[in-house]
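J.: Numbering (my numbering), first residue to last: 65 to 303.
Structure representation (structure tokens):
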């Protein structure tokens, strides 16, 4: 297969007009069951057997790509703050998020941070807390269903506007829609569900703003002109 971002965009483009299927039934059935036992069980529970038939597929988010920028010792732009592993952007990820990369990030840069911190003398940095007015927070009489629907809305906004293939107009629309939700829920601490939606919106806005500021397509961040979003009018099978 091509790199995962290329495959994801191909599946996404084809899925705009029809279902897309993955056909791996040409492989030995016993090998498939042994290699992918969890997937096999999951599919069987839904009436699908990938050892015998094509299965419907769609792109899906796989962790994140990037994070807090660091140098080769895990240092960030803030004194005494280090980042390693999933939280860091060291450059090792490249344009795609790969499973093996997380192991490299954790082992190599985790050790690099430990070595650097262990060899240097601790330095206490005096910081002055910025003066802030306490933020008023309120409990609202909203149902759990309200927050469930709001979270579903956030997911839909991110999928439609900040997904596999991104356009400037789509990102701007997504930002406006997310901002509307944030404006309504910013002071809501009624329950865990309310806070979860607020966090999701905050994260979504951060990703959207970052995407809007980056005009260069690299790996999973793929920018296209609105006119380039073309549909395909037939089902596609990826073997």
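By construction, the Cβ of each residue, glycine as well, lies at the ideal position given by its N, Cα and C atoms.
Quick caveat, the model's predicted, so the values are computed rather than measured.
Between the stretch 234-245 and the stretch 268-276, do three or more beta carbon pairs fall short of 8 Å?
T.: Output reads yes: the stretch 268-276 touches the stretch 234-245.
J.: Is residue 258 near residue 215, with beta carbons less than 8 Å apart?
T.: Residue mapping note: residue 258 aligns to position 194 of the chain shown, counting from 1. Residue mapping note: residue 215 aligns to position 151 of the chain shown, counting from 1. No, they are not a contact pair.
J.: Quick check: what's the CA-CA separation for residue 95 versus residue 152?
T.: Within the chain shown, the letter at position 31 stands for residue 95. Within the chain shown, the letter at position 88 stands for residue 152. Straight-line Cα distance between these residues: approximately 37 Å.
J.: How long is the line joining the alpha carbons of residue 83 and residue 124, rounded to whole angstroms?
T.: Locating residue 83 in the chain shown gives position 19, where the first residue counts as 1. Locating residue 124 in the chain shown gives position 60, where the first residue counts as 1. Approximately 15 Å, taken between the alpha carbons.
J.: Quick one: residues in its chain with C-beta nearer than 8 Å to the C-beta of residue 286, no 5 flanking neighbours on either side, listed in chain order?
T.: As a working mapping, residue 286 is identified with position 222 in the chain shown. Closer than 8 Å at Cβ, skipping near neighbours: 69, 73, 228, 229, 230.
J.: May I ask you to report which of helix, strand or coil DSSP gives residue 83?
T.: Counting from 1 along the chain shown, the entry for residue 83 is found at position 19. Coil, per DSSP.
J.: What separation, rounded to the nearest whole angstrom, lies between the Cα atoms of residue 172 and residue 262?
T.: Taking the chain shown and counting its residues from 1, one reaches residue 172 at position 108. Taking the chain shown and counting its residues from 1, one reaches residue 262 at position 198. So the two alpha carbons sit approximately 34 Å from each other.
J.: Go ahead and label residue 150 buried or exposed: buried means 16 or more other beta carbons lie within 10 angstroms of its beta carbon, across all protein chains shown.
T.: Taking the chain shown and counting its residues from 1, one reaches residue 150 at position 86. Result: exposed.
J.: Going straight from the alpha carbon of residue 133 to that of residue 254, what length do you get?
T.: Within the chain shown, numbered from 1, the residue matching residue 133 stands at position 69. Within the chain shown, numbered from 1, the residue matching residue 254 stands at position 190. Taking the straight line joining both Cα atoms gives about 35 Å.
J.: Quick one: give me the first and last residue of the beta strand (DSSP E) that residue 221 is part of.
T.: In the chain shown, residue 221 corresponds to position 157, counting from 1. Premise fails: residue 221 lies in the alpha helix (DSSP H), 208-225, not in any beta strand (DSSP E).
J.: Whole angstroms is fine: what's the gap from residue 105's alpha carbon to residue 284's?
T.: Position 41 of the chain shown holds residue 105. Position 220 of the chain shown holds residue 284. Roughly 29 Å between the two C-alpha positions.
J.: Using only the alpha-carbon positions, how far apart do residue 136 and residue 182 sit?
T.: As a first step, residue 136 must be located in the chain shown, where it is residue number 72. As a first step, residue 182 must be located in the chain shown, where it is residue number 118. In a straight line, the C-alpha of residue 136 is about 15 Å away from that of residue 182.
J.: Between residue 167 and residue 119, how many whole angstroms is the CB-CB distance? I'm expecting something under 8 Å.
T.: Counting from 1 along the chain shown, the entry for residue 167 is found at position 103. Counting from 1 along the chain shown, the entry for residue 119 is found at position 55. With a Cβ gap of about 28 Å, residue 167 and residue 119 do not count as contacting.
J.: Tell me whether residue 204 sits in a helix, a strand or coil according to DSSP, three-state version.
T.: To locate residue 204, count along the chain shown from 1; it is residue 140. Residue 204: coil per DSSP, three-state reduction.
J.: Under a Cβ-count criterion, where at least 16 other Cβ atoms within 10 Å of its own Cβ denotes burial, should residue 252 be classed as buried or exposed?
T.: The residue you call residue 252 lines up with position 188 of the chain shown. Per the 10 Å Cβ criterion, buried.
J.: For residue 278, which of helix, strand or coil comes out of DSSP?
T.: Taking the chain shown and counting its residues from 1, the one referred to as residue 278 is at position 214. Three-state result, residue 278: coil.
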